[in-house]
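Asker: This is the structure I have questions about; it appears just below.
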Amino acid sequence: MPEVAAPEQLPVSQARAGEPAAWDALFRRYQLPLYVYVFELVRHEQTSLDLVQETFIAAVKHLGSLREDRKFGSWLFGIAHQKCLQHFRKRTEVLCDEVPEPPDEFEDAPDDLLIRREQEQEFMALINQLPLPQRSVLLLRFIEDFSLDEISRITETQLGTVKSRLHFAKRSLRKLLEAKNENPA
Amino acid sequence: MKTPREILLAQHRAAEARLDVIRQTTLAAVTRMQPPEPAVHATLFQTLWQELFFSTRRTWTGLAMVWALIFLVNFSQRDNVNSVTGKPVHSGGPVMSLQAQQRWMNELFADRALPPEVDRPRNSAPKPRTQAAQTAAV
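Shown next as structure tokens:
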């Protein structure tokens, strides 16, 4: 059984009709991925829970603005991303940086990074060392395997910028992992 | 070996209990937010109200105020000033003018009942000139 449900299996049309069971299924499907994404950005448990709840409520209120049911996942993450931005604005943090030129050759394999069991904690720590914009793009890629186009829409960033951020995030992560392997202490 | 997704989700599995509570709270709010199904005609009326009136309520209010103003001005002028002469009209004015008009109409029709002499038809038939001359000589 695949861990990620196919978008067409999600009961979005029933949720549009206001069926609580449909909303329950949708929330159940996305609650943990959303929480992981939000938590890894804001790094605060209660704030993350609050933002997830705000995202759910906003989704219920504004489902009418979703044009294609199959894009529900990216739409929901887009709301969560905006909630995080609002949170950062309150704290005067910024979720943008100077974007380097996009790479000529872009590696586009989602599962090209496999982590050994003993490296798991290091991996989590290394993710948090990445700048926020790179971390955001990398998390969206890792958690829901969103396409570059979807990430571009979620973060409201240009496609080239997304490519660039993802490329440099992965490269940084690899370097950090390699450095840890070379110097285990 | 694990994928980053598996690691990330596994790291936060402990939060699922609290997420369940949030989900249930939100669902309860969703159920409360859902209004009872309105009747079809009520929905239609609501739609028409929203589309035709409520969305342009300022325009409608403005128009209503303009009309009210026009009526007020119009009525206030009718009460005090003759619209033709522009002079103030007294309270007995309309009755008097009606009586004068009736008198004038009576005179007019009375004249018509008795037309002038020149227009009356002659009683005797016209005669030849010769007969007329003889009558004069006799």
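Protein sequence lines, in the order shown, are assigned to chains E and X.
Our numbering numbers the first residue of the first sequence as 17 and each following residue consecutively.
Our numbering numbers the first residue of the second sequence as 172 and each following residue consecutively.
We put the beta carbon where it would ideally sit given N, CA and C, even for glycine.
This one's a predicted model, so the numbers in the text were calculated from it and none came from an experiment.
Nearest to E:S152 by alpha carbon, out of E:L193, E:R105, E:A96?
Answerer: As a first step, residue 152 of chain E must be located in the first sequence, where it is residue number 136. Nearest C-alpha to E:S152: E:A96.
Asker: E:R45 and E:L26 look like a contact to me (Cβ under 8 Å); what is the Cβ gap, rounded to whole Å?
Answerer: As a first step, residue 45 of chain E must be located in the first sequence, where it is residue number 29. As a first step, residue 26 of chain E must be located in the first sequence, where it is residue number 10. The Cβ separation is near 7 Å, so the contact holds.
Asker: What do you get for E:I131, buried or exposed, if any count of 16 or more other CB atoms within 10 angstroms of its CB means buried?
Answerer: On the first sequence, residue 131 of chain E is found 115 positions in, with the first residue counted as 1. E:I131 should be labelled buried.
Asker: Using beta carbons (cut-off 9 Å, strictly below), is X:A186 in contact with chain E?
Answerer: Here residue 186 of chain X corresponds to residue number 15 of the second sequence, with the count starting at 1. Answer yes: the Cβ-Cβ gap between X:A186 and chain E drops below 9 Å somewhere.
Asker: Would you mind giving the Cβ-Cβ distance between E:E160 and E:G94, rounded to the nearest angstrom? I have them listed as a contact below 8 Å.
Answerer: By one-based count along the first sequence, residue 160 of chain E stands at place 144. By one-based count along the first sequence, residue 94 of chain E stands at place 78. Actually they are not in contact, since the Cβ atoms of E:E160 and E:G94 sit about 12 Å apart, beyond 8 Å.
Asker: Just to confirm, are E:E56 and X:L190 a CB contact at a threshold of 9 Å?
Answerer: Taking the first residue of the first sequence as position 1, residue 56 of chain E is located at position 40. Taking the first residue of the second sequence as position 1, residue 190 of chain X is located at position 19. No, the Cβ-Cβ distance between E:E56 and X:L190 is not below 9 Å.
Asker: Compare the beta carbon distance of E:Y51 and X:A186 with 9 Å and say whether it is the shorter of the two.
Answerer: Residue mapping note: residue 51 of chain E aligns to position 35 of the first sequence, counting from 1. Residue mapping note: residue 186 of chain X aligns to position 15 of the second sequence, counting from 1. Yes.
Asker: Could you check where the alpha helix (DSSP H) with E:S90 kicks off and where it finishes?
Answerer: On the first sequence, position 74 is the one that residue 90 of chain E refers to. 88-106 is the span of the alpha helix (DSSP H), which, as asked, contains E:S90.
Asker: Since I believe E:L164 is in contact with E:L175 (beta carbons under 8 Å), could you give me their beta-carbon distance rounded to a whole number of angstroms?
Answerer: What you label residue 175 of chain E is simply residue 159 of the first sequence in a count that begins at 1. What you label residue 164 of chain E is simply residue 148 of the first sequence in a count that begins at 1. Indeed, because the Cβ distance is near 6 Å, the residues count as touching under 8 Å.
Asker: At the 9 Å Cβ level, is E:K29 part of the contact set with chain X, yes or no?
Answerer: Start at 1 with the first residue of the first sequence, and residue 29 of chain E comes out as number 13. One point to set straight first is that residue 29 of chain E is Ser, not Lys, in the sequence displayed. It does not: the Cβ of E:S29 has no partner Cβ on chain X nearer than 9 Å.
Asker: So, is the C-beta of X:Q182 closer than 9 Å to a C-beta in chain E?
Answerer: Numbered from its first residue, the second sequence carries residue 182 of chain X at position 11. Interface with chain E (9 Å Cβ-Cβ cutoff): X:Q182 is included.
Asker: May I ask you to list, following chain order, the residues of the segment 38-54 of chain E that have a beta carbon less than 8 Å from some beta carbon of chain X?
Answerer: Under the 8 Å Cβ criterion, the segment 38-54 of chain E contributes W39, D40, F43, R44, Q47, L48, P49, Y51, V52.
Asker: Please report how far the alpha carbon of E:E61 lies from the alpha carbon of X:A199, in whole angstroms.
Answerer: Here residue 61 of chain E corresponds to residue number 45 of the first sequence, with the count starting at 1. Here residue 199 of chain X corresponds to residue number 28 of the second sequence, with the count starting at 1. Those two C-alpha atoms are separated by around 23 Å.
Asker: For the alpha helix (DSSP H) that contains E:L57, what are its first and last residues?
Answerer: For the purposes of this step, residue 57 of chain E is taken as residue 41 along the first sequence, with counting starting at 1. Note, E:L57: alpha helix (DSSP H), 36-58.
Asker: Looking only at DSSP bridge pairs, what is X:I193 linked to?
Answerer: One-based indexing of the second sequence puts residue 193 of chain X at position 22. Beta-bridge pairing links X:I193 to no other residue.
Asker: For E:Q150, go through chain X and note every residue whose CB falls closer than 8 Å to its CB, in chain order.
Answerer: In the first sequence, counting from the first residue as 1, residue 150 of chain E sits at position 134. The contacting residues do not exist; E:Q150 stays about 14 Å from chain X at best.
Asker: Across which residues does DSSP place X:K173 in a beta bridge pair?
Answerer: Taking the first residue of the second sequence as 1, we reach residue 173 of chain X at position 2. Per DSSP, the beta-bridge partners of X:K173 are E:I131.
Asker: Check whether chain X comes within 9 Å of E:G89, counting only Cβ atoms and requiring the distance to be less than that.
Answerer: Position 73 of the first sequence holds residue 89 of chain E. Not an interface residue.
Asker: Would a check of beta-carbon distances place X:P207 closer than 9 Å to chain E?
Answerer: Numbered from its first residue, the second sequence carries residue 207 of chain X at position 36. Interpretation of X:P207 is limited by its pLDDT of 49, a score under 50 that renders its predicted location unreliable; the figure taken from the coordinates is listed afterwards. No, X:P207 does not count as interfacial toward chain E.
Asker: Using beta-carbon positions only, say whether E:L142 and E:L182 come within less than 9 Å of one another.
Answerer: Counting from one through the first sequence, the residue named residue 142 of chain E turns up at place 126. Counting from one through the first sequence, the residue named residue 182 of chain E turns up at place 166. No, the Cβ-Cβ distance between E:L142 and E:L182 is not below 9 Å.
Asker: Closer than 6 Å by C-beta to E:V28: which residues in its own chain qualify, once you throw out the five before and the five after it? Chain order, please.
Answerer: Residue numbering aside, residue 28 of chain E sits at position 12 when the first sequence is read from its first letter. Result list for E:V28: D85, F88, in chain order.
Asker: Restricting to Cα atoms, I'd like to know which of E:S64, E:R169, E:A38 is closest to E:H103.
Answerer: Taking the first sequence and counting its residues from 1, the one referred to as residue 103 of chain E is at position 87. Nearest Cα to E:H103 within the set E:S64, E:R169, E:A38: E:S64.
Asker: Please list, in chain order, the residues of the segment 158-174 of chain E that have any C-beta partner in chain X closer than 9 Å.
Answerer: F158, I159, E160, D161
Asker: What residues in its chain sit with their C-beta under 8 Å from that of E:R59, if we drop five residues either side in the sequence?
Answerer: Walking along the first sequence from the start, residue 59 of chain E turns up at place 43. Taken in chain order, the residues that qualify are N144.
Asker: Just mark X:F242 as buried or exposed, buried being the case when its beta carbon has 16 or more other beta carbons within 10 Å.
Answerer: Position 71 of the second sequence, counting from 1, holds the residue named residue 242 of chain X. It counts as exposed.
Asker: From the DSSP output, in three-state form, read off E:F122 for me.
Answerer: In the first sequence, residue 122 of chain E corresponds to position 106, counting from 1. Bear in mind that a pLDDT of 49 at E:F122, under 50, signals an unreliable position, so the model cannot answer this.
Asker: Comparing the C-beta of E:I131 with each C-beta of chain X, is any distance below 9 Å?
Answerer: Counting from 1 along the first sequence, the entry for residue 131 of chain E is found at position 115. Taking Cβ atoms only, chain X reaches closer than 9 Å to E:I131, which makes this a yes.
Asker: Quick check on the burial criterion: 16 or more other C-beta atoms within 10 angstroms. Buried or exposed for X:T196?
Answerer: On the second sequence, residue 196 of chain X is found 25 positions in, with the first residue counted as 1. Looking at its Cβ environment, which holds fewer than 16 other Cβ atoms inside 10 Å, X:T196 is exposed.
Asker: Residues in the same chain with beta-carbon distance under 8 Å from E:I170, minus the five sequence neighbours each way, listed in chain order, please.
Answerer: As a position in the first sequence, residue 170 of chain E is number 154, starting the count at 1. Around E:I170: S90, F93, G94, H97, L156, F162.
Asker: Specify, as a first and last residue, the run of the alpha helix (DSSP H) that E:A31 falls within.
Answerer: Counting from 1 along the first sequence, the entry for residue 31 of chain E is found at position 15. Per DSSP, the unbroken alpha helix (DSSP H) holding E:A31 starts and ends at 28-32.
Asker: Between which two residues does the alpha helix (DSSP H) containing E:Q174 stretch?
Answerer: Taking the first residue of the first sequence as 1, we reach residue 174 of chain E at position 158. E:Q174: not part of any alpha helix (DSSP H); DSSP gives it neither H nor E.
Asker: Where does the unbroken alpha helix (DSSP H) through E:Q150 begin, and where does it stop?
Answerer: For the purposes of this step, residue 150 of chain E is taken as residue 134 along the first sequence, with counting starting at 1. Looking at the DSSP string, the run of the alpha helix (DSSP H) that includes E:Q150 is 148-160.
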